[in-house]
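A.B. asks: From first to last, the protein sequence lines are chains A and B. Quick note on numbering: the first sequence equals residues 802 to 940 in my numbering. Quick note on numbering: the second sequence equals residues 64 to 338 in my numbering. Take this structure, written in structure tokens, and hold onto it; I'll ask about it next.
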Amino acid sequence: MATVVREVMTREVCELPPSSTVTEAARAMRDRDLGDVVVAEDGSPRGVVTDRDIVLRAVAEGDDGGLQLGEMCSRRLRTLSPDDSLEDAARCMRTAAVRRLVVVEDGRIVGVLSMGDLLAELEPGSPVAGVLHSTGARR
Amino acid sequence: VIDRPGDPSLEEGIPAGPEELSGDALAEAQDILEIDDRTTGGLFGVDPAAIEHWRRHGVPIAHAETLRRLREVASRLHSHHGGPPGTLPTVPLAAYGGRSLLDLVREPGLDLRRAVDQVLALHDSGEVAPARRRDPARPVVGDLMTRDPVVVDAADPLQEAARRMRSADIGDLVVIERGEPVGVLTDRDIVVRAVADSRDVRLAACGSIATRPLLAVSPDTPVEEALQRMRSGAIRRLAVLEAGRLVGVIGLGDIAVACDPDGPLAAVVAEPSTD
Numbered sequence: 802m803a804t805v806v807r808e809v810m811t812r813e814v815c816e817l818p819p820s821s822t823v824t825e826a827a828r829a830m831r832d833r834d835l836g837d838v839v840v841a842e843d844g845s846p847r848g849v850v851t852d853r854d855i856v857l858r859a860v861a862e863g864d865d866g867g868l869q870l871g872e873m874c875s876r877r878l879r880t881l882s883p884d885d886s887l888e889d890a891a892r893c894m895r896t897a898a899v900r901r902l903v904v905v906e907d908g909r910i911v912g913v914l915s916m917g918d919l920l921a922e923l924e925p926g927s928p929v930a931g932v933l934h935s936t937g938a939r940r
Numbered sequence: 064v065i066d067r068p069g070d071p072s073l074e075e076g077i078p079a080g081p082e083e084l085s086g087d088a089l090a091e092a093q094d095i096l097e098i099d100d101r102t103t104g105g106l107f108g109v110d111p112a113a114i115e116h117w118r119r120h121g122v123p124i125a126h127a128e129t130l131r132r133l134r135e136v137a138s139r140l141h142s143h144h145g146g147p148p149g150t151l152p153t154v155p156l157a158a159y160g161g162r163s164l165l166d167l168v169r170e171p172g173l174d175l176r177r178a179v180d181q182v183l184a185l186h187d188s189g190e191v192a193p194a195r196r197r198d199p200a201r202p203v204v205g206d207l208m209t210r211d212p213v214v215v216d217a218a219d220p221l222q223e224a225a226r227r228m229r230s231a232d233i234g235d236l237v238v239i240e241r242g243e244p245v246g247v248l249t250d251r252d253i254v255v256r257a258v259a260d261s262r263d264v265r266l267a268a269c270g271s272i273a274t275r276p277l278l279a280v281s282p283d284t285p286v287e288e289a290l291q292r293m294r295s296g297a298i299r300r301l302a303v304l305e306a307g308r309l310v311g312v313i314g315l316g317d318i319a320v321a322c323d324p325d326g327p328l329a330a331v332v333a334e335p336s337t338d
């Protein structure tokens, strides 16, 4: 059974530059079936934009899709190390009330850990985890 | 054990005189009667909105004396049916000639003991369906659902849906068309079906994006079955319909929190996320 973030994280990360638009992020989320994109500049993470962020900060304001991601991900970014324990990762998600954390090693993005990844590992047999699995990480 | 009038424990915290029920007393009356939606509450006259409705129609509202008598009926029904406290049957109104249990209880000058005997006789004769008792080990959707779900009209623009999601801090809405619930719209739907296609969120209608048909369960559906429906439909939320009327929604988060409030599942699936 996995014990650290490295063993469970998703290595495929969608990185977009801060100048990308909301429309571009939405297309990436749709085409790659992701719930979020990492906003990165020169390989280092600046923030995360989720599908929900797009709804609350762009659609609710009547944005035409041209808003840039750099203007949306202003909050302090919480990251994990690949060697953090899964328990620490769960605690971090809980206290930060987020569903995903960027995994950073030596200042570079190496993966993303979602609550779906975590649940499948921590409670693989639970019926609730089963639904999470069948509905994907986000939907 | 039958509550006796004059028992000090009965009077504690209960307003004297013909005041309407409020606060704890109202909650207790609702518990006793297992009132769990506005309609039922309206018939019994103890739901705040219903009280206002019945007041406008000149119907006497519940008051402290009513609660005292209600407790007595509840106590007798309880000893009759057995089971743990707080698991009294919902009383089908039609079985009592269209009168509710509360109507019986608060009828001035009514011989309460005799009325309760009649109620129990009806139960025994089988004219009334057996008491539906809450079994904590097998919760039903009605126990966990969120009542009064936030809705949006099929003709409303997506921007309006997004505003409601933001102000209510939720991730999905039930879409209503010509008064009927027809589908569900999630925050993700808006992103992948509208924003990704460069649709104008100020113009595109919710009805054109929503997932249809509506997947629904009833308040009596066991929670296990609701989970199964979510799994097979690959969705995290179901509408709850009673006689075709939308009475609530139940999400995976509601179930996780109820099953294991302190567990990691509850912590992470509690919806919606703020990330």
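No residue lacks a Cβ here, since even glycine has one placed at the ideal position from N, Cα and C. As the structure is a prediction and not an experimental result, all values here were calculated from the model.
Which one or two residues does DSSP pair with A:L887 in a beta bridge?
C.D. replies: Position 86 of the first sequence, counted from the first residue, corresponds to residue 887 of chain A. Note: A:L887 sits in no beta bridge, so no partner.
A.B. asks: Along the stretch 822–841 of chain A, what residues have a CB closer than 7 Å to any CB found in chain B?
C.D. replies: If the cut-off is 7 Å between Cβ atoms, the stretch 822–841 of chain A has V823, T824, A827, R828, M830 and R831 near chain B.
A.B. asks: Nearest by alpha-carbon distance to A:M873: which of A:A897, A:T811 and A:G848 is it?
C.D. replies: Sequence index remark: in the first sequence, residue 873 of chain A carries index 72 (1-based). The shortest Cα separation from A:M873 among A:A897, A:T811 and A:G848 belongs to A:G848.
A.B. asks: Closer than 8 Å, Cβ to Cβ, to anything on chain A: give me those residues from the stretch 225–251 of chain B, in chain order.
C.D. replies: Listed by position along the chain: A225, R226, M228, R229, G234, T249, D250 and R251.
A.B. asks: Which two residues bound the contiguous beta strand (DSSP E) that contains B:V238?
C.D. replies: Counted from its first residue, the second sequence places residue 238 of chain B at position 175. Where B:V238 is concerned, the enclosing beta strand (DSSP E) stretches over D235 to E240.
A.B. asks: Since A:L870 contacts A:S821 with CB under 8 Å, what's their CB separation in whole angstroms?
C.D. replies: On the first sequence, position 69 is the one that residue 870 of chain A refers to. On the first sequence, position 20 is the one that residue 821 of chain A refers to. Right, the Cβ-Cβ distance comes to about 5 Å (below 8 Å), so this counts as a contact.
A.B. asks: Kindly give me the distance between the Cβ atoms of B:G246 and B:L277, rounded to whole angstroms, as I take these residues to be in contact under 8 Å.
C.D. replies: In the second sequence, the residue the question calls residue 246 of chain B occupies position 183. In the second sequence, the residue the question calls residue 277 of chain B occupies position 214. With 8 Å as the limit, B:G246 and B:L277 qualify as a contact, their Cβ atoms being about 5 Å apart.
A.B. asks: Leaving out the 5 sequence neighbours to the left and right, which residues in its chain are closer than 8 Å to B:A157 when beta-carbon positions are compared?
C.D. replies: By 1-based counting over the second sequence, the position of residue 157 of chain B is 94. Note on B:A157: pLDDT 35, under 50, position unreliable in the model; the coordinate value appears next. Taken in chain order, the list of residues that qualify is empty.
A.B. asks: Report buried or exposed for B:G316, applying the criterion of at least 16 other Cβ atoms within 10 angstroms of its Cβ.
C.D. replies: Numbered from 1 along the second sequence, position 253 holds the residue referred to as residue 316 of chain B. Buried.
A.B. asks: Within the continuous beta strand (DSSP E) that includes B:T249, where are the two ends?
C.D. replies: Locating residue 249 of chain B in the second sequence gives position 186, where the first residue counts as 1. First-last of the beta strand (DSSP E) with B:T249: E243 to T249.
A.B. asks: When DSSP labels each residue in this structure, what does B:S230 get in the three-state scheme?
C.D. replies: On the second sequence, residue 230 of chain B is found 167 positions in, with the first residue counted as 1. Helix.
A.B. asks: Chain B beta carbons: is any one of them nearer than 8 Å to that of A:G871?
C.D. replies: Stepping through the first sequence from its first residue, residue 871 of chain A is reached at position 70. False, the Cβ-Cβ gap to chain B never drops below 8 Å.
A.B. asks: Of all the options B:T274, B:E287, B:I313 and B:A289, which has the alpha carbon lying nearest to the alpha carbon of B:A217?
C.D. replies: Here residue 217 of chain B corresponds to residue number 154 of the second sequence, with the count starting at 1. Here the closest residue by C-alpha is B:T274.
A.B. asks: Exposed or buried, which one is A:T896 when buried takes at least 16 other CB atoms within 10 Å?
C.D. replies: Here residue 896 of chain A is taken as the residue at index 95 of the first sequence, counted from 1. By the 10 Å Cβ count, A:T896 comes out exposed.
A.B. asks: Among B:E240, B:D211, B:D219 and B:R241, which has the Cα closest to the Cα of B:A231?
C.D. replies: Residue numbering aside, residue 231 of chain B sits at position 168 when the second sequence is read from its first letter. Minimum Cα distance to B:A231 is reached at B:D211.
A.B. asks: Checking contacts by CB at 8 Å: is A:G844 closer than that to chain B?
C.D. replies: Translated into positions along the first sequence, residue 844 of chain A becomes position 43. It does not: the Cβ of A:G844 has no partner Cβ on chain B nearer than 8 Å.
A.B. asks: Using a Cβ-Cβ distance cut-off of 8 Å, determine whether A:D889 contacts chain B.
C.D. replies: Walking along the first sequence from the start, residue 889 of chain A turns up at place 88. With 8 Å as the cut-off, A:D889 does not count as an interface residue toward chain B.
A.B. asks: Reducing DSSP to helix, strand and coil, say where B:L308 ends up.
C.D. replies: Position 245 of the second sequence holds residue 308 of chain B. The identity of residue 308 of chain B in the sequence shown is Arg, whereas the question assumes Leu. B:R308: strand per DSSP, three-state reduction.
A.B. asks: Is the Cβ of B:A259 closer than 8 Å to any Cβ of chain A?
C.D. replies: On the second sequence, residue 259 of chain B is found 196 positions in, with the first residue counted as 1. Yes, B:A259 lies at the interface with chain A (some Cβ there is under 8 Å from its Cβ).
A.B. asks: Considering just the uninterrupted stretch of the beta strand (DSSP E) at A:R909, what are its terminal residues?
C.D. replies: Sequence index remark: in the first sequence, residue 909 of chain A carries index 108 (1-based). R909 to S915 is the span of the beta strand (DSSP E), which, as asked, contains A:R909.
A.B. asks: Between the alpha carbons of A:R807 and B:I313, how many angstroms are there, rounded?
C.D. replies: Counting from one through the first sequence, the residue named residue 807 of chain A turns up at place 6. Counting from one through the second sequence, the residue named residue 313 of chain B turns up at place 250. Looking at the two C-alpha atoms, the distance is approximately 34 Å.
A.B. asks: Using the beta-carbon of each residue, which ones in chain A are nearer than 8 Å to B:D263?
C.D. replies: Position 200 of the second sequence, counted from the first residue, corresponds to residue 263 of chain B. D865, listed in chain order.
A.B. asks: Can the beta-carbon of B:V258 be found less than 8 Å from the beta-carbon of A:V823?
C.D. replies: Taking the first residue of the second sequence as position 1, residue 258 of chain B is located at position 195. Taking the first residue of the first sequence as position 1, residue 823 of chain A is located at position 22. Against a cut-off of 8 Å, the Cβ pair of A:V823 and B:V258 comes out as a contact.
A.B. asks: Give me the chain A residues within the contact set of B:S253, using Cβ-Cβ distance strictly less than 7 Å, ordered along the chain.
C.D. replies: Position 190 of the second sequence holds residue 253 of chain B. It is worth fixing the name first, because residue 253 of chain B is Ile in this sequence and not Ser. Residues of chain A passing the Cβ test: V856 and V860.
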